Amino acid sequence: MDTKALITAYYDAFNAGRTDEMLTYLHDEIEHHVNEGQIRRGKDKFREFNAHMTDSYKELLTDIVVFANELGDRAAAEFVVNGTYLKTDEGLPEARGQKYVLPAGAFFTVRDGKIARVTTYYNLADWTAQVCG
0 MDTKALITAY YDAFNAGRTD EMLTYLHDEI EHHVNEGQIR RGKDKFREFN
50 AHMTDSYKEL LTDIVVFANE LGDRAAAEFV VNGTYLKTDE GLPEARGQKY
100 VLPAGAFFTV RDGKIARVTT YYNLADWTAQ VCG
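Start counting the sequence shown at 0; every next residue gets the next number (numbering that gives the first Met the number 0).
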């Protein structure tokens, strides 16, 4: 699978709620760099993160555009997060089913045909303003 197809399959699985399938696209030594957070290393930490996110948020990504370098070892994606804040996340405003639409992006390192790094970026102040507004 080429890099663009790999990243597209990863996001297709996300949008379909198949978080276990997402793990199949990840390298065993995955590093998940989260916006405003710590680096999570390994598939177990990634699985825990997905479970937490599924519990607290319902999200659908739209307008996804995937880019990859010629070697296929680095990629990026730009998309819009269309979400509902379901359950209060520690240190964040109270959840009351608020809807949000948030531009976001991610950067990837690909090794051995798998995603070895995911770095996600979004504007937390924008998200906070939307759920508090």
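Built from N, CA and C at the ideal position, the CB exists for glycine as well.
Just so we're clear, the structure is a prediction, and the values are computed from it rather than from any experiment.
Who pairs with residue i in a beta bridge, going by DSSP?
{"i": "N81", "result": "L59 and V100"}
{"i": "K113", "result": "R110"}
{"i": "L22", "result": "None, per the DSSP bridge assignment."}
{"i": "R46", "result": "According to DSSP, R46 bridges with nothing at all."}
{"i": "H32", "result": "I38 and T118"}
Rounded to the nearest angstrom, what separates residue i and residue j at their Cα positions?
{"i": "E30", "j": "V79", "result": "23 Å"}
{"i": "V65", "j": "D54", "result": "27 Å"}
{"i": "E89", "j": "M52", "result": "12 Å"}
{"i": "D72", "j": "Q37", "result": "23 Å"}
{"i": "G82", "j": "T61", "result": "11 Å"}
{"i": "G112", "j": "E69", "result": "14 Å"}
{"i": "V130", "j": "E58", "result": "14 Å"}
{"i": "D43", "j": "M21", "result": "12 Å"}
{"i": "A4", "j": "A67", "result": "10 Å"}
{"i": "Y84", "j": "G96", "result": "5 Å"}
{"i": "D125", "j": "R46", "result": "26 Å"}
{"i": "F13", "j": "I6", "result": "11 Å"}
Using the three-state DSSP reduction, which class does residue i fall into: helix, strand or coil?
{"i": "R73", "result": "strand"}
{"i": "A105", "result": "strand"}
{"i": "D1", "result": "coil"}
{"i": "A67", "result": "strand"}
{"i": "D88", "result": "coil"}
Tell me, to the nearest whole angstrom, how far the beta carbon of residue i is from that of residue j; I am working on the premise that it is less than 8 Å.
{"i": "A115", "j": "E28", "result": "6 Å"}
{"i": "A75", "j": "Y10", "result": "The pair is not a contact, with the Cβ atoms about 12 Å apart (cut-off 8 Å)."}
{"i": "R110", "j": "H26", "result": "6 Å"}
{"i": "L123", "j": "N34", "result": "7 Å"}
query = Are there three or more Cβ pairs, one per stretch, closer than 8 Å when the segment 13-21 is compared with the segment 94-103?
reply = They do not touch, by the three-pair rule.
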